[in-house]
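Novice:
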Amino acid sequence: MVAPSRARRPGAPRAETLEEQDNPAGCPFCEGREAATPPETYAIGPPGRAPDTPGWRVRVVPNKFPAFGPWPRDGDRDDGLFARRAAVGRQEVVVHTPRHVRTIADLGGRELELVAEAWQARAAAAREAGFPYVHALVNEGAGGGASLAHSHSQLVWLEAEPPLVVQEREAQKAAGGCLLCRVLAEEREQRIRVVEERDGVLLLCPFAGRQPYELLAAPLECEGDPFASPRLGATLALAAEGVRRLRVAEGGVPLNLWLHAGGHWHLEVLPRFGVLAGIELGSGYYVNTMAPESAAGVLRES
Ligand SMILES: [Zn+2]
Ligand SMILES: [Zn+2]
Ligand SMILES: [Zn+2]
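For the record, in the sequence shown the residue sitting at position 281 is 453 according to the numbering used here, with numbers rising by one throughout.
(1) For LEU404, which residues of its own chain have a beta-carbon under 8 Å away from its beta-carbon, when the five flanking residues on both sides are left out?
(2) Using the rule of at least 16 other Cβ atoms within 10 Å of the residue's Cβ for burial, across every protein chain shown, is PRO270 buried or exposed?
(3) From the DSSP output, in three-state form, read off ALA301 for me.
(4) Just confirm the distance between the C-beta atoms of ALA215 and ARG231, as a whole number of angstroms; I'd bet it's less than 8 Å.
(5) Less than 8 Å between the CB atoms is what I'm expecting for LEU351 and GLU264, so what's the real figure, rounded?
(6) For ARG363 versus PRO464, is the C-beta distance shorter than 8 Å?
(7) Excluding the 5 residues preceding and the 5 following PRO223 in the sequence, name in chain order all residues of the same chain whose CB lies nearer than 6 Å to its CB.
(8) Am I right that SER325 and LEU309 are in contact with their C-beta atoms under 8 Å? What's the rounded C-beta distance?
(9) At which residues does the alpha helix (DSSP H) containing ALA318 begin and terminate?
(10) Reducing DSSP to helix, strand and coil, say where ASN460 ends up.
(11) When the Cα of GLU386 is compared with those of ALA295, ALA347 and ARG444, which residue comes out closest?
(12) Are the CB atoms of ALA421 and LEU471 within a distance shorter than 8 Å?
(13) Below 8 Å on the Cβ atoms is my guess for GLY435 versus GLU358; work out the distance and round it to an integer in Å.
(14) Going by the beta-carbon positions, is the gap between PRO200 and MET462 smaller than 8 Å?
(15) Any idea what DSSP makes of SER466, helix, strand or coil?
(16) Going by CA-CA distance only, name the one from VAL441, PRO378 and GLY227 that's closest to LEU356.
(17) Let me confirm a value: GLU473 is counted as buried when at least 16 other C-beta atoms fall within 10 Å, else exposed. Which label applies?
(18) Put VAL366 into one of helix, strand or coil per three-state DSSP.
(19) Compare the C-alpha of ARG256 against each of ARG262, HIS268 and TRP243 and name the closest.
(20) To which residues of the same chain is PRO218 closer than 8 Å at the C-beta, ignoring the five residues directly before and after it?
(21) Give the DSSP-derived three-state secondary structure of VAL310 in the structure shown.
(22) Between GLU413 and VAL367, what straight-line distance do the alpha-carbon atoms span, to the nearest angstrom?
(23) Cβ-heavy atom distance between HIS438 and ligand 5 below 7 Å?
(24) Considering only the beta carbon of each residue, do ASN460 and GLY372 sit closer than 8 Å?
(25) Does the beta-carbon of GLY322, which I'm using as the reference point, lie nearer than 7 Å to any heavy atom of ligand 1?
(26) Label ASN311 either buried or exposed according to how many other C-beta atoms from any shown protein chain fall within 10 Å of its C-beta, with 16 as the threshold for buried.
(27) Report the rounded CA-to-CA distance for THR225 versus LEU286, giving the unit in angstroms.
(28) Mind checking which residues open and close the beta strand (DSSP E) that includes ALA412?
(29) Closer than 7 Å: is that where the CB of HIS307 sits relative to any heavy atom of ligand 3?
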């Protein structure tokens, strides 16, 4: 439901800015505080650098508080009304830069290329360890679920595609071909919801977006595996460009970004202007106070 009358500005009920939750003095992700995290599992840095020492560009560490883990399966039951299964997986944190930067909007193109390189290296490690699907995501701001301000992403190693990705794949199948390819081609024709096109990647405010300034970034070519794609860095960079423009237009906004790696892969960015409430959670209808067409127009000008 697009209902612009419900807010004078999409940012009207803004609860916070990214700066308010920040505590740089105690930040465990800053260079020089390597001992404050669990030992790194991967890093990009100069040759000869010892693990868990300064000098890195991107650093990957295990998540200290994982939801998915090497839990025992002896309680698994797949039959009946109360089926249960251990949430088996691994969770890693990718620290995007040694600099204390609070949003992907403030990362340079080269830094985002290195983030993509780290995602790809860890996805390869995940596959080798028996986790074929990796859910990559960024949370920014307390309203987006982030507990630390220093820009980072999370990689969740999974044994199978998560439910939303399965749903997308089934929708593709029902459409008899790649739905996203058709959407991208049509959006490119119409130009109403397109924000930017660069390096073979399209950034747009998707039709019927759930929240103001929802964004989608996808390679124009139909690619099935982001972790083997030379365009992952460019796609991250274009999504970050969308977030940068959003900050110019509306200030700091908490948000979630995630990668959907089933079918034609893409990044989705959901800014969190308001809380999801009874209509959204109870009915499945999302009330968006800003038409995607208006949002794209604002972002093109920002
Ligand atoms: Zn920091
Ligand atoms: Zn496609
Ligand atoms: Zn998706």
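Glycine residues also receive a C-beta, built at the ideal position from the N, C-alpha and C atoms.
Specialist: Result, derived from the coordinates:
(1) Position 232 of the sequence shown, counted from the start, is the residue given in the question as residue 404. The answer, listed in chain order, is ALA288, TRP291, GLN292 and PRO398.
(2) Within the sequence shown, numbered from 1, the residue matching residue 270 stands at position 98. Buried is the call here.
(3) As a first step, residue 301 must be located in the sequence shown, where it is residue number 129. Note: ALA301 maps to coil in three-state DSSP.
(4) Locating residue 215 in the sequence shown gives position 43, where the first residue counts as 1. Locating residue 231 in the sequence shown gives position 59, where the first residue counts as 1. Sure, about 5 Å apart at Cβ, within 8 Å.
(5) Against the sequence shown, residue 351 aligns to sequence position 179. Against the sequence shown, residue 264 aligns to sequence position 92. Not confirmed; about 31 Å, so no contact.
(6) Numbered from 1 along the sequence shown, position 191 holds the residue referred to as residue 363. Numbered from 1 along the sequence shown, position 292 holds the residue referred to as residue 464. Against a cut-off of 8 Å, the Cβ pair of PRO464 and ARG363 comes out as no contact.
(7) Locating residue 223 in the sequence shown gives position 51, where the first residue counts as 1. Taken in chain order, the residues that qualify are GLU212.
(8) As a working note, residue 325 is residue 153 in the sequence shown. As a working note, residue 309 is residue 137 in the sequence shown. Contact holds; Cβ gap of about 6 Å.
(9) Here residue 318 corresponds to residue number 146 of the sequence shown, with the count starting at 1. Here ALA318 belongs to no alpha helix (DSSP H), and DSSP marks it neither H nor E.
(10) Sequence index remark: in the sequence shown, residue 460 carries index 288 (1-based). It is a strand residue.
(11) As a position in the sequence shown, residue 386 is number 214, starting the count at 1. Of the listed residues, the one whose Cα sits closest to GLU386 is ARG444.
(12) Here residue 471 refers to the residue found at position 299 when the sequence shown is read from its first residue. Here residue 421 refers to the residue found at position 249 when the sequence shown is read from its first residue. Yes, the pair counts as a contact, with Cβ atoms nearer than the cut-off.
(13) Against the sequence shown, residue 435 aligns to sequence position 263. Against the sequence shown, residue 358 aligns to sequence position 186. Going by Cβ atoms, the distance from GLY435 to GLU358 rounds to 17 Å, so no, they are not a contact pair.
(14) As a first step, residue 200 is located in the sequence shown; it is residue number 28 there, counting from the start. As a first step, residue 462 is located in the sequence shown; it is residue number 290 there, counting from the start. Cβ distance not < 8 Å, so PRO200 and MET462 don't count as in contact.
(15) Residue mapping note: residue 466 aligns to position 294 of the sequence shown, counting from 1. If DSSP states are grouped into helix, strand and coil, SER466 belongs with the helices.
(16) Indexing the sequence shown from 1 puts residue 356 at position 184. Nearest C-alpha to LEU356: PRO378.
(17) Position 301 of the sequence shown, counting from 1, holds the residue named residue 473. Counting Cβ neighbours within 10 Å, GLU473 comes out exposed, since fewer than 16 surround it.
(18) For the purposes of this step, residue 366 is taken as the residue at position 194 of the sequence shown. Of the three classes helix, strand and coil, the one that applies to VAL366 here is strand, per DSSP.
(19) Looking up residue 256 in the sequence shown gives position 84. Of the listed residues, the one whose Cα sits closest to ARG256 is TRP243.
(20) Here residue 218 refers to the residue found at position 46 when the sequence shown is read from its first residue. GLY227, listed in sequence order.
(21) By one-based count along the sequence shown, residue 310 stands at place 138. Of the three classes helix, strand and coil, the one that applies to VAL310 here is strand, per DSSP.
(22) In the sequence shown, residue 413 corresponds to position 241, counting from 1. In the sequence shown, residue 367 corresponds to position 195, counting from 1. About 10 Å.
(23) As presented, the structure is devoid of ligand 5, carrying ligand 1, ligand 2 and ligand 3 as its sole ligands.
(24) The residue labelled residue 460 in the question sits at position 288 within the sequence shown. The residue labelled residue 372 in the question sits at position 200 within the sequence shown. Cβ atoms of ASN460 and GLY372: not closer than 8 Å.
(25) As a position in the sequence shown, residue 322 is number 150, starting the count at 1. It should be noted that the sequence gives His, not Gly, for residue 322. Yes, ligand 1 has a heavy atom inside 7 Å of this Cβ.
(26) For the purposes of this step, residue 311 is taken as the residue at position 139 of the sequence shown. ASN311 is buried by the Cβ-count criterion.
(27) As a working note, residue 225 is residue 53 in the sequence shown. As a working note, residue 286 is residue 114 in the sequence shown. Answer to the nearest angstrom: the Cα atoms are 18 Å apart.
(28) Position 240 of the sequence shown, counted from the first residue, corresponds to residue 412. No beta strand (DSSP E) holds ALA412; the alpha helix (DSSP H) holding it covers 404 to 422.
(29) Along the sequence shown, one-based indexing puts residue 307 at 135. Result no, Cβ not under 7 Å from ligand 3.
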